[in-house]
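*Asks:* Got a structure here, written out as structure tokens. Questions coming.
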Amino acid sequence: MKVHYYKTAAGNFGDDLNEWLWHDLLPGVFDDNEECRFAGIGTIISSALPPAKKWIVFSSGVGYGVPPANFGNESWNILSVRGPLTAHVLGLPKEKAITDGAALLSTLPEFPPVPEAERKGVIFIPHHDALKTGQWEEACRRAGVEYISPQGDAKTIINRIRHAKLILADAMHAAIIADAMRVPWVPLVSSSQINTFKWLDWTQTINQHYQPLVLGSSSFRESMRNKTLALYGENYHLKNADVDYAIKEFIRVRKQKSTPWWPRYLKYTRYFSHEVPDRLFTGAETRFNMKWNDRYIDQAAAKLRQAAQLGGQRSDDSVFYENVEKLQERLRQVELIARA
Numbered sequence: 001m002k003v004h005y006y007k008t009a010a011g012n013f014g015d016d017l018n019e020w021l022w023h024d025l026l027p028g029v030f031d032d033n034e035e036c037r038f039a040g041i042g043t044i045i046s047s048a049l050p051p052a053k054k055w056i057v058f059s060s061g062v063g064y065g066v067p068p069a070n071f072g073n074e075s076w077n078i079l080s081v082r083g084p085l086t087a088h089v090l091g092l093p094k095e096k097a098i099t100d101g102a103a104l105l106s107t108l109p110e111f112p113p114v115p116e117a118e119r120k121g122v123i124f125i126p127h128h129d130a131l132k133t134g135q136w137e138e139a140c141r142r143a144g145v146e147y148i149s150p151q152g153d154a155k156t157i158i159n160r161i162r163h164a165k166l167i168l169a170d171a172m173h174a175a176i177i178a179d180a181m182r183v184p185w186v187p188l189v190s191s192s193q194i195n196t197f198k199w200l201d202w203t204q205t206i207n208q209h210y211q212p213l214v215l216g217s218s219s220f221r222e223s224m225r226n227k228t229l230a231l232y233g234e235n236y237h238l239k240n241a242d243v244d245y246a247i248k249e250f251i252r253v254r255k256q257k258s259t260p261w262w263p264r265y266l267k268y269t270r271y272f273s274h275e276v277p278d279r280l281f282t283g284a285e286t287r288f289n290m291k292w293n294d295r296y297i298d299q300a301a302a303k304l305r306q307a308a309q310l311g312g313q314r315s316d317d318s319v320f321y322e323n324v325e326k327l328q329e330r331l332r333q334v335e336l337i338a339r340a
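What follows is the structure in structure tokens.
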């Protein structure tokens, strides 16, 4: 059985967990046999899933593309999904919504939660797309907060999270892993690309509210990019949204992105509204040594300092460990199915 997950060339620690987590949890079960595939951590349930004779879905989230045409038939074993919003959109029973599979990191001998007295420091982990135009490393330096790139080695990032006092989480898996390590976290929004639907999908499973602190942009280029996201369907942040509205908006956007004209529209709109202007801004910045980022960096640093003063949140132990037990029970089913 082969693990399927979303891969980026630059790397993204939340997705890259899949490379080794399932092998560590179920030694000897996974290989490169593509006749049976395993969908694990990530927003990956869509028509982009490759064909297979058998699929096992374990804690995955729904994507904006429609599910595969045969989704849910006898070739699919849907053991769990990331949360209740995913379950609702896919028409699955509520009990299929457990939580994100990264919670199982806490069961590995390599990553036991660290006692609070032994933890120190505040760290910020941005969404991987924030690295494209942002100046978050410099903003963290000015704020006195440790910066960690989401493109780093996943195990290194996990170990830094478990030894921290507080996690400032723009990347959702920074919060998910912090919660698994029993470290408080603060949800943040660096741009409108931060996906409210996904965050609510997860936070509903741990009985936590989702009221993120909006950071704003850390550079001129990032500010301009943020202004264009809505033009090509990447404005995912919904201010003060509840579950019902998030689901309604998800369905609207998915319908829009499933139209025949969308791929061409996306290509040209993104090119002319973001890519071309961004090249001009980058060229002007380099050629004329324009220092138009300081104001943005200082404002972002002030927001990071504000976030660092918050107490953070995390799920109750009873809720978290009940979810872990449910995931472990489903994991035993994975092994039985794979060996059948």
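Residues in the sequence shown are numbered consecutively from 1, following the UniProt record's numbering.
Just so it is clear, CB atoms sit at the ideal spot from N, CA and C, and this is done for glycine as well.
All values reported here derive from a predicted model rather than from experimental measurement.
Say whether the region 34–51 touches the region 62–79, bearing in mind that this needs 3 or more beta-carbon pairs closer than 8 angstroms, one atom from each stretch.
*Replies:* Verdict: yes, contact present.
*Asks:* Along the chain, where does the beta strand (DSSP E) containing S80 start, and where does it finish?
*Replies:* W76 to V81 is the extent of the beta strand (DSSP E) around S80.
*Asks:* Alpha carbon to alpha carbon, what distance is there between A97 and F13?
*Replies:* C-alpha separation (whole angstroms): 23 angstroms.
*Asks:* So for Q313, helix, strand or coil by DSSP?
*Replies:* Note: Q313 maps to strand in three-state DSSP.
*Asks:* Go through its chain and collect everything with a Cβ distance to D278's Cβ below 8 angstroms, but skip five positions before and after it.
*Replies:* Taken in chain order, the residues that qualify are T133, R221, M224 and R225.
*Asks:* Contact between the region 301–321 and the region 137–144: three or more CB pairs below 8 angstroms?
*Replies:* Output reads yes: the region 137–144 touches the region 301–321.
*Asks:* Are the CB atoms of I158 and I176 within a distance shorter than 7 angstroms?
*Replies:* Against a cut-off of 7 angstroms, the Cβ pair of I158 and I176 comes out as no contact.
*Asks:* Taking the runs of the beta strand (DSSP E) that are 3 residues or longer, which of them lie wholly in the region 66–125?
*Replies:* Listed in chain order, they are 76–81 and 122–125.
*Asks:* Inspect the beta-carbon positions of A308 and V145 and report whether they are closer than 7 angstroms.
*Replies:* Contact flag set, yes.
*Asks:* Mind reading off the beta-carbon distance from G91 to V186? Whole number of angstroms is fine, and I expect it under 8 angstroms.
*Replies:* G91 to V186, Cβ: 34 angstroms. No contact.
*Asks:* Between the alpha carbons of F58 and M1, how many angstroms are there, rounded?
*Replies:* Roughly 13 angstroms between the two C-alpha positions.
*Asks:* For L331, name the three-state secondary structure that DSSP assigns.
*Replies:* Looking at L331 - three-state DSSP - the assignment turns out to be helix.
*Asks:* Taking buried to mean at least 16 other C-beta atoms within 10 Å of its own C-beta, is W136 buried or exposed?
*Replies:* Flag for W136 reads buried.
*Asks:* Take the Cβ of L108 as the centre, count every other Cβ of all protein chains shown within 10 Å, and call the residue buried at 16 or more, exposed below.
*Replies:* The residue in question, L108, is exposed, as its Cβ has fewer than 16 Cβ neighbours within 10 Å.
*Asks:* Compute the Euclidean distance between the alpha carbons of Q328 and L104, then round it to the nearest angstrom.
*Replies:* Computed Cα separation, rounded: 8 angstroms.
*Asks:* Between the Cα of S172 and the Cα atoms of A164, H163 and L200, which residue gives the shortest distance?
*Replies:* The sequence as given places Met at residue 172; Ser does not occur at that position. Minimum Cα distance to M172 is reached at L200.
*Asks:* Mapping DSSP to helix, strand and coil, what is A307?
*Replies:* Helix.
*Asks:* Is the separation between the beta-carbon of I41 and that of N18 shorter than 7 angstroms?
*Replies:* Yes, Cβ-Cβ distance for I41 and N18 is below 7 angstroms.
*Asks:* Assign R160 to one of three DSSP states: helix, strand, or coil.
*Replies:* Helix at R160.
*Asks:* May I ask which residues mark the beginning and end of the beta strand (DSSP E) holding S223?
*Replies:* No beta strand (DSSP E) holds S223; the alpha helix (DSSP H) holding it covers F220 to T228.
*Asks:* Alpha carbon to alpha carbon, how far is S191 from K165? Give it in angstroms, no decimals.
*Replies:* About 25 angstroms.
*Asks:* Counting along the chain, where does the beta strand (DSSP E) carrying I45 start and finish?
*Replies:* Segment T43 to I45, the beta strand (DSSP E) holding I45.
*Asks:* Would you identify the three-state DSSP class for I194, choosing helix, strand or coil?
*Replies:* Looking at I194 - three-state DSSP - the assignment turns out to be coil, as it is neither helix nor strand.
*Asks:* Closest by CA to N293, which one among T228, G216, T8 and T203?
*Replies:* When each option's Cα is compared against that of N293, the closest is G216.
*Asks:* So who's on the other strand from S273, going by DSSP bridges?
*Replies:* Per DSSP, none; premise fails for S273.
*Asks:* Hey, how far is the Cα of A340 from the Cα of I251?
*Replies:* So the alpha carbons of these two residues sit roughly 37 angstroms apart.
*Asks:* Note down, in chain order, each residue of its chain lying with its Cβ closer than 6 angstroms to the Cβ of Q204, except the 5 sequence neighbours on either side.
*Replies:* Counting only Cβ-Cβ distances below 6 angstroms, and skipping sequence neighbours, we find G83 and P84.
*Asks:* Which first and last residues belong to the beta strand (DSSP E) in which W55 is found?
*Replies:* Counting along the chain, the beta strand (DSSP E) containing W55 begins and ends at K54 to V62.
*Asks:* Here's the rule I'm using: 16 or more other beta-carbon atoms within 10 Å means buried, otherwise exposed. How should Q208 be labelled?
*Replies:* Answer is buried; the Cβ neighbour count reaches 16.
*Asks:* What does I167 pair with, by DSSP beta-bridge criteria?
*Replies:* I123 and W185, per the DSSP bridge assignment.
*Asks:* Put E234 into one of helix, strand or coil per three-state DSSP.
*Replies:* Reduced to three states, the DSSP call for E234 is coil.
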